[in-house]
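**Q** Residue numbers (the numbering used here): 4 to 762. Even for Gly, the Cβ is constructed at its ideal location relative to N, Cα and C. The structure is given below, and queries will be raised subsequently.
Structure representation (structure tokens):
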């Protein structure tokens, strides 16, 4: 056993070593200079080909003030809010440092310095690494600052180097950015708002920062800002930094800061590309927003200038030809958001985020949330059904040729046979866009015509949780999905961004391989490449046969259904239209093997950002996804794919078996009926037609639709010319879809049944 002398000696020696180390550390560190911290650098962004897109920075937005130019109210606001003992303490909070060191020892997050002196040191210190070395160095610097600098110098340095958001470093930049005035003219009430920002501008800027964090909405941030503003003023009053009269004046009205302003170079779509790339950098590295906005980074993006220009031109062309906001009230406040992604890669090559920061539009519509996607959600229901089957198929995947009731105003049946009820215990009825009596039709036909009732019932039969899982596997973020998995979930109550929708459909284009969307390929600082920006790897998330069958069904949507305006592209493509309740949004998402692109259209109240109905917009009763959004998509894709080959899509391999909806009539084979030829009808079937009896997998009498082949009964020849359903109810000779012409009086091919050949 060691003697007490040895133990005592070792203890004294260890303590002495610590004192010596502390003394050496104290002697070696230097006092920070806020002037050095204010040196500005730009962030430089590059196009996908390596050429410079824009250099944007905050250099001209930094100016150090002397203490006499900083209002006493601003100084007292931060003292009351953050460090009441500022004028008495040594500049270091021992307990705060102990907590930080204990956290680091456990591998947890460190805590920021709890004194104004420590925060000043942290603001001016070159490294933000959360390490023991940095924490000890910060402590030594803080001790030296606390003993060597006057409190006014510390306060001046802190307020001149703090980050207030919107690229504003220092109190003078903050005063100009938020209130358009010099700092010396700030009121106590305005000072309290700016002091609240120091808790975290992402969450306390009342203009909102939803592009950086979905929870930082304008409404949430305003509430947080106003709450902390009120608390800070109360603390200032309690600490005798505001007398009764000044407090009552300050607290009487919240001084709303000015809105965001466009900074140098942030015009047109550049502003939204920079926004997207910045968010990607912050989400894929330990770089903080404050560090990033200090500048000095080179950001290499995936955006292709020619495609961005083409997408912008497509939106502007359709806007100009279809919308007249100067004269028509219903054409005001219409917004577009769009994105284009490379399948099996994830690179975002183009986006459209809005009219530009210079026009006061600071929300990135390509990456916004809150716009329901409508029927563009139906492919996930179909894919889940093909993969997981329904309760009726005992888990066996079902074929797109399975039949469901497509009639309007149907009750939705639970797997146990009961029906969904509303809150008042009345039956829940699902509506379609029209009351057209479709009867039992294939899921392929239901997708083609975007009929709601089959997919709502199918979603219930599959299980909405499996539909959700399917959407998530293709890249849709959980946070953007509707939380309520009720029947309407199947028809698009979720609100993914345009970027995510384009990337998700790219999974179908790539035969089931999903790659996360990315906008940055490399980031450099001081000539050194930073880690964290490796291209995401694609992964097989669904059987290729399922993905290819979805594509085959969506090809038919363009060839014969609601997306037929996209046929003008002139090459093989697949896609889906989407329209929501009250016509508040309309979508088209489509793809080739080379490119997947989504286009969203919506109206938004500029005051509260709530969606408005588009009934009456563009001079139409309602806007559908197959109208303006599809036109924008087609214009863009024609330009983006010009000169490229048309590889088509892989031939789909048959998937699943036919499992019709419970209650569907059982097919009964019947002899074929040969209609007496009329002068306008063909007297004999073409090689692709059939005059044999339908098989059990076909419609029971071929009076409705035979695997999407319409009849050519009276009034329905070549698509038909009569709008009267009774004129074309004869079975006909089985005219193959696509061969007929549009009917003169009917919708999309005249008569109800024979006219289907004209779609």
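1) Does the separation of the CB atoms of residue 313 and residue 603 fall below 7 Å?
2) In three-state DSSP terms, what is residue 353?
3) Taking the C-alpha atoms as reference points, what is the distance between residue 360 and residue 270?
4) How many Å lie between residue 493 and residue 379 at the Cα?
5) Quick test of your reading: residue 629 and residue 333, contact by CB under 8 Å. State the CB separation rounded to the nearest angstrom.
6) How is the alpha helix (DSSP H) around residue 174 delimited, first residue to last?
7) Would you kindly check if the distance between the Cβ of residue 539 and the Cβ of residue 349 is under 7 Å?
8) Specify the secondary structure class of residue 147 as computed by DSSP and reduced to three states.
9) Pull up the distance between the alpha-carbon of residue 63 and that of residue 122, whole angstroms please.
10) Going by alpha carbons, who is nearest to residue 559 out of 450, 346, 88, 587?
11) Which residue marks the beginning of the beta strand (DSSP E) containing residue 1, and which one marks its end?
12) CB residue 565 to CB residue 580, shorter than 7 Å?
13) Grab the span of the alpha helix (DSSP H) containing residue 597 for me, first residue to last.
14) Mind checking residue 3: buried by the 16 CB within 10 Å criterion, or exposed?
15) Please classify residue 414: does DSSP put it in a helix, a strand, or coil?
16) According to DSSP, is residue 461 helix, strand or coil?
17) In three-state terms, what does DSSP make of residue 585?
18) Using 10 angstroms around the beta-carbon of residue 486, count the other beta-carbons present and answer buried if the total reaches 16, otherwise exposed.
19) May I ask which residues mark the beginning and end of the alpha helix (DSSP H) holding residue 308?
20) Please state whether DSSP places residue 604 in a helix, a strand or coil.
21) From residue 730 to residue 661, what does the alpha carbon distance come to, in whole angstroms?
22) Per DSSP, what are the beta-bridge partners of residue 579 in this structure?
23) So, residue 211 versus residue 221, is the Cβ gap smaller than 7 Å?
24) Can you check the region 422 to 496 for any alpha helix (DSSP H) of at least 4 residues that lies completely inside it and give the ranges in chain order?
25) In its own chain, which residues sit with a C-beta less than 7 Å from the C-beta of residue 572, not counting the 5 before and 5 after it?
26) Just mark residue 697 as buried or exposed, buried being the case when its beta carbon has 16 or more other beta carbons within 10 Å.
27) So, do the region 67 to 78 and the region 186 to 201 have three or more beta carbon pairs nearer to each other than 8 Å?
28) Suppose the cutoff is 6 Å on Cβ atoms and the five residues either side in sequence are ignored; what does the same chain contact list for residue 535 look like?
29) Using DSSP with H/G/I as helix, E/B as strand and the rest coil, what is residue 253?
30) Does chain C have any CB closer than 7 Å to the CB of residue 118?
31) Ends of the alpha helix (DSSP H) at residue 523?
32) Would you decide whether residue 281 is buried or exposed? Buried here means 16 or more other CB atoms lie within 10 Å of its CB.
33) Quick one: grab the DSSP three-state call for residue 210.
34) Can you give the Cα-Cα distance for residue 521 and residue 351, rounded to whole angstroms?
35) Do residue 59 and residue 268 have their beta-carbon atoms positioned less than 7 Å apart in this structure?
36) Alpha carbon to alpha carbon, how far is residue 408 from residue 447?
**A** With the structure as the only source:
1) By one-based count along the chain shown, residue 313 stands at place 310. By one-based count along the chain shown, residue 603 stands at place 600. Not closer than 7 Å, so no.
2) By one-based count along the chain shown, residue 353 stands at place 350. Of the three classes helix, strand and coil, the one that applies to residue 353 here is strand, per DSSP.
3) Reading the chain shown from its first residue, position 357 is the one you call residue 360. Reading the chain shown from its first residue, position 267 is the one you call residue 270. Roughly 6 Å separates the two Cα atoms.
4) Counting from 1 along the chain shown, the entry for residue 493 is found at position 490. Counting from 1 along the chain shown, the entry for residue 379 is found at position 376. Spanning the two alpha carbons is a distance of roughly 10 Å.
5) If you number the chain shown from 1, residue 629 lands on position 626. If you number the chain shown from 1, residue 333 lands on position 330. That pair is no contact at about 19 Å.
6) Position 171 of the chain shown, counting from 1, holds the residue named residue 174. Note, residue 174: alpha helix (DSSP H), 174 to 182.
7) Within the chain shown, the letter at position 346 stands for residue 349. Within the chain shown, the letter at position 536 stands for residue 539. In contact: residue 349 and residue 539 (Cβ atoms closer than 7 Å).
8) By 1-based counting over the chain shown, the position of residue 147 is 144. Residue state, collapsed to three classes: helix.
9) As a first step, residue 63 must be located in the chain shown, where it is residue number 60. As a first step, residue 122 must be located in the chain shown, where it is residue number 119. Reliability fails at residue 63, whose pLDDT of 43 lies under 50, so the model's placement of it is uncertain and the value that follows must be treated cautiously. Cα-Cα distance, rounded: 24 Å.
10) Here residue 559 is taken as the residue at index 556 of the chain shown, counted from 1. For residue 559, the nearest C-alpha among the options comes from 450.
11) Look at the range of the chain in this structure, 4 to 762, and you will see that residue 1 is not part of it.
12) Position 562 of the chain shown, counting from 1, holds the residue named residue 565. Position 577 of the chain shown, counting from 1, holds the residue named residue 580. Yes, Cβ-Cβ distance for residue 565 and residue 580 is below 7 Å.
13) In the chain shown, residue 597 corresponds to position 594, counting from 1. Run containing residue 597: none; DSSP gives neither H nor E here.
14) Residue 3 falls outside the range modelled here, since the chain spans only 4 to 762, and no answer is possible.
15) Taking the first residue of the chain shown as position 1, residue 414 is located at position 411. In the structure shown, residue 414 sits in a strand (DSSP, three-state: E or B).
16) As a working note, residue 461 is residue 458 in the chain shown. Helix.
17) For the purposes of this step, residue 585 is taken as residue 582 along the chain shown, with counting starting at 1. Here residue 585 sits in helix by DSSP.
18) In the chain shown, the residue the question calls residue 486 occupies position 483. Answer is exposed; the Cβ neighbour count stays below 16.
19) Against the chain shown, residue 308 aligns to sequence position 305. Segment 308 to 325, the alpha helix (DSSP H) holding residue 308.
20) Start at 1 with the first residue of the chain shown, and residue 604 comes out as number 601. Residue state, collapsed to three classes: strand.
21) Numbered from 1 along the chain shown, position 727 holds the residue referred to as residue 730. Numbered from 1 along the chain shown, position 658 holds the residue referred to as residue 661. For residue 730, the predicted structure reports a pLDDT of 32, less than 50, and the residue's modelled location is therefore unreliable. The matter cannot be settled from this model.
22) As a working note, residue 579 is residue 576 in the chain shown. Bridge partners of residue 579: 592.
23) To locate residue 211, count along the chain shown from 1; it is residue 208. To locate residue 221, count along the chain shown from 1; it is residue 218. Contact annotation: residue 211 and residue 221 have beta-carbon atoms nearer than 7 Å.
24) 446 to 451, 455 to 465, 467 to 476
25) Position 569 of the chain shown, counting from 1, holds the residue named residue 572. If we look at residue 572 and ignore the five residues flanking it on each side, its Cβ neighbours are 637, 640, 641.
26) As a first step, residue 697 is located in the chain shown; it is residue number 694 there, counting from the start. The pLDDT assigned to residue 697 is 33, lower than 50, so where the model puts this residue is not dependable; a value taken from the coordinates is nonetheless given after this. Residue 697 comes out buried.
27) yes
28) The sequence position of residue 535 within the chain shown is 532, counting from 1. Cβ neighbours of residue 535 beyond the five flanking positions: 287, 288.
29) Taking the first residue of the chain shown as 1, we reach residue 253 at position 250. In this structure, residue 253 counts as helix in the three-state DSSP scheme.
30) Reference to chain C is not applicable here, since this structure consists of a single protein chain.
31) The sequence position of residue 523 within the chain shown is 520, counting from 1. Taken as a continuous stretch (DSSP letters only), residue 523 belongs to no alpha helix (DSSP H), being part of the beta strand (DSSP E) at 523 to 528.
32) As a first step, residue 281 is located in the chain shown; it is residue number 278 there, counting from the start. It is buried - the Cβ of residue 281 has at least 16 other Cβ atoms within 10 Å.
33) Against the chain shown, residue 210 aligns to sequence position 207. In the displayed model, residue 210 falls within coil according to three-state DSSP, outside both helix and strand.
34) One-based indexing of the chain shown puts residue 521 at position 518. One-based indexing of the chain shown puts residue 351 at position 348. One C-alpha to the other measures close to 6 Å.
35) If you number the chain shown from 1, residue 268 lands on position 265. If you number the chain shown from 1, residue 59 lands on position 56. Yes, they are a contact pair.
36) Taking the first residue of the chain shown as 1, we reach residue 408 at position 405. Taking the first residue of the chain shown as 1, we reach residue 447 at position 444. Residue 408 and residue 447 have their C-alpha atoms roughly 13 Å apart.
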